[in-house]
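Below is one structure, written out as structure tokens, with a few remarks after it.
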Amino acid sequence: MRAWAWAMALGVMAGCGPTPARDFGEALFKDPLLSESQYNAFSCATCHATSDAQAREKMYTGLSLVGAASRPSWWGGYEVRLIDAVNFCYTAFMRGTTPLGDEDPKSRALYEYLVSLSPESTSPAQPLTLVRDIAEVPRGDKNRGAEVYQAACQDCHGERSTGTGRLTSLAPVLPEVSREYGQLFPNATPALVFIEKVRHGRFFGVGGNMPPYSLEALSDEDLGALLSYLGL
Ligand code: HEC
Ligand code: HEC
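In full-length UniProt numbering, the protein residues as written are 1 to 232.
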């Protein structure tokens, strides 16, 4: 009788702790192989913080996913189902060809993981301000620019001017790649072409699979500091 009660208690405790689906979801979240594309090097964790500490340490293009499962909408109100918000990233950035289905065990597992990051039953929707019209920004402090480069760009692009440590050779070396902009885009300054890439990512007809930086993810002030650091 006593042994049975003990087993029950253990069962209840196990029920409160991490579940296999949640752990599978966390593994998928950190794994670029979630996408079947051979050209993909990104995992969800490349672009999203999953703790407040991480969100303070780095400047991710995506929002922190703490509380994400309890938000009423996503992508600035554009997506009203969590799985669609995730699939947007999966197809646009990770080059996944077929969106993850509602009943796919991988979707369930990712969902369980996102729920485990969302202790409150409701969290407010987050603003997302994408800059449509590209304009010059005032240049700023180079030392701040170095910090911004490290926190925002270096994981994917590697060290400035060498690319050392970059996530993928598909991410060009910065700022060297902009040397060709004068010839390629004679009607704009290289700085404007550069700003456009940062603000639009792959959208607004730019192409590629780099994510865009919203104003929430990168202020114009920090962008100006970054440009100074990169000599643009
Ligand atoms: C290459 C970068 C990148 C990758 C990889 C990526 N995302 Fe995103 N994600 C973004 C950006 C940028 C946004 C738009 C800004 C925002 O809302 O976070 C976004 C938005 C979201 C949102 C909506 C957040 C909100 O409240 O508006 C969710 C949820 C999300 N991503 C989950 C995921 C999951 C899960 C994966 C992995 C399957 C993933 N993302 C992969 C960059 C990325
Ligand atoms: C999640 C990974 C990732 C992050 C973070 C990232 N980039 Fe990129 N970036 C890429 C990839 C991959 C490419 C090549 C594909 C493309 O053009 O979209 C690229 C391309 C570019 C290009 C265009 C190069 C060309 O072909 O002309 C510029 C400019 C650039 N990135 C600047 C930045 C800056 C500045 C930051 C930081 C504020 C940054 N990137 C952050 C992955 C990233």
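The beta-carbon is built from N, C-alpha and C at its ideal position, and this holds for glycine as well.
Between Tyr213 and Arg202, the C-beta gap is not smaller than 8 Å, which leaves the two residues out of contact. It is roughly 11 Å from the alpha-carbon of Gly231 to the alpha-carbon of Arg179. Boundaries for Asp31: no alpha helix (DSSP H) harbours it, and the DSSP string shows neither H nor E there. According to the DSSP assignment, Glu147 belongs to the alpha helix (DSSP H) that extends over 142-148.
Distances between the C-beta of Pro212 and the heavy atoms of ligand 1 include at least one below 7 Å. Non-local C-beta neighbours of Trp75 in its own chain, meaning closer than 8 Å and more than five positions away in sequence, comprise Ala85, Phe88, Leu128, ordered along the chain. Distance from the CA atom of Val80 to the CA atom of Gln183, rounded to whole angstroms, is 43 Å. Annotation: Val137 to Gly224 spans about 6 Å, alpha carbon to alpha carbon. Three or more pairs of CB atoms, one per stretch, sit closer than 8 Å, so the region 166-173 contacts the region 37-55. Annotation for Glu216: Leu63, Gln126, Pro127, Leu128, Thr129 place their beta carbon closer than 8 Å to its own, counting only its chain and skipping 5 residues before and after. Remark: fewer than three beta-carbon pairs, one from each stretch, lie closer than 8 Å, so the region 90-103 and the region 185-195 are not flagged as touching.
Counting C-beta pairs closer than 8 Å gives fewer than three between the region 102-119 and the region 54-62, which falls short of the contact rule.
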